[in-house]
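Asks:
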Amino acid sequence: MRVIIVDDEPLSRDELKHLLLAYEQIDIIGEADCGEHALEKIVSLQPDVVFLDIEMAEMSGLSLAKMLKQLKQPPTIVFATAYPNYAVEAFRYEAVDYLLKPFDDVQVGEAVARLLRKFEKEKPSASDGSLRKLAIEEEEGIVYVSPHDILYCCREIKDTVVVTKQKMYHTKAPLKELEQKLKGNLFFRPHKSYLVNVEKVEQLTPWFNGAYQLTLTGTDVKIPVSRNYVKALRQRLEL
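Residues 77 to 315 in our numbering are what the sequence shown lists, from first letter to last.
1. For V306, I'd like the list of residues in its chain whose CB is within less than 6 Å of its CB, leaving aside the five on either flank, ordered along the chain.
2. Which whole-angstrom value is the C-beta distance of F263 and M77, which I expect to be below 8 Å?
3. Whole angstroms are fine: how far does the CA of V237 sit from the CA of M244?
4. State buried or exposed for F284, treating a residue as buried only when at least 16 other CB atoms are found within 10 Å of its CB.
5. By the DSSP assignment, the beta strand (DSSP E) with P266 in it spans what residues?
6. Rounded to the nearest angstrom, what separates V64 and E112 at their Cα positions?
7. Which one or two residues does DSSP pair with N273 in a beta bridge?
8. So the candidates are T295, L290, L313, G286; which of them puts its Cα closest to the Cα of N304?
9. Just mark G294 as buried or exposed, buried being the case when its beta carbon has 16 or more other beta carbons within 10 Å.
10. Quick one: what does DSSP say Q256 is sitting in, helix, strand or coil?
11. Take V82 as the anchor and find which of E198, A141, I102 has the nearest alpha-carbon.
12. In chain order, what residues of the same chain lie with their CB nearer than 7 Å to the CB of A171, ignoring the 5 residues before and after it?
13. Can the beta-carbon of V125 be found closer than 9 Å to that of L176?
14. If you draw a straight line from the C-alpha of I299 to the C-alpha of E216, how long is it?
15. Quick check: is any heavy atom of the ligand ATP less than 8 Å from the C-beta of D103?
16. With a 10 Å radius around its C-beta and 16 neighbouring C-beta atoms as the bar for buried, classify S88 as buried or exposed.
17. In this structure, what does DSSP give as the bridge partners for F155?
18. In three-state DSSP terms, what is P123?
19. Can you tell me where the beta strand (DSSP E) with E100 in it begins and where it stops?
20. Hey, how far is the Cα of D109 from the Cα of E134?
21. Using 9 Å as the threshold, is the C-beta distance between T157 and I130 below it?
22. What did DSSP end up calling L140 once you bin it into helix, strand or coil?
23. Is E196 helix, strand or coil by DSSP?
24. Give the single residue among P160, P151, L292, G137 whose Cα lies nearest to the Cα of L121.
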């Protein structure tokens, strides 16, 4: 678990850091002494967990927690404070635990155990069809691409193109084969020649004869949506 510690007291940060480093599952990737710096680091580093103090100058931990819940992928929060009276309000932000200073190895251990159970429960199982990496056979060799990084796949005359924000990969695998491999992920076939990552859809606009066009984040390419697939796509997008 990638962790950021937020506390305006250096000694408290050091104490919590010392206790957390006893667990090999914990990777402390950053620290912050105020809400503003914490928000910058959290947006930049995208930690799994934030250990968050409440009473801080300028921006309280509760105010920061409220802002974090608005992120597309908010981190899990563990409050770590000297004040027990905020507990009820803190759990409104779905905090996994509420640690009271001075910290000890027992309560920190219990918090880590709760976090591990939470992430284990949320982890995709091998049977849910989710694919961790898509193997793409190119002339130079096999390239492994995360499905999350794929914007779309399209069929061309001689091959299939897999498009990410950084690069285009060419493969002889037919689009139907890629669709089957990506079945457990958020992909949709809006047209016989295209397979798109639903998470990357930015805009759906009318075209002609009942058909639509898709615009994806990270590309200016307009992807056609056959009119027979418009209803199903809108349902996937929860429009």
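Ideal Cβ placement from N, Cα and C applies to all residues, glycine included.
Computed from a predicted model, the values in this text were never measured in an experiment.
Replies: In brief:
1. Y288
2. 28 Å between Cβ atoms; not a contact.
3. 6 Å
4. exposed
5. 263-267
6. Only positions 77 to 315 of the chain appear in the structure, and residue 64 is not among them; the question remains open.
7. F263
8. G286
9. exposed
10. helix
11. A141
12. I153, V154, F155
13. no
14. 28 Å
15. For the structure depicted, the ligand ATP is absent and the ligand set is empty, with no information on it obtainable.
16. buried
17. L128, Y174
18. coil
19. Premise fails: E100 is in no beta strand (DSSP E) and is neither H nor E.
20. 11 Å
21. yes
22. helix
23. helix
24. P151
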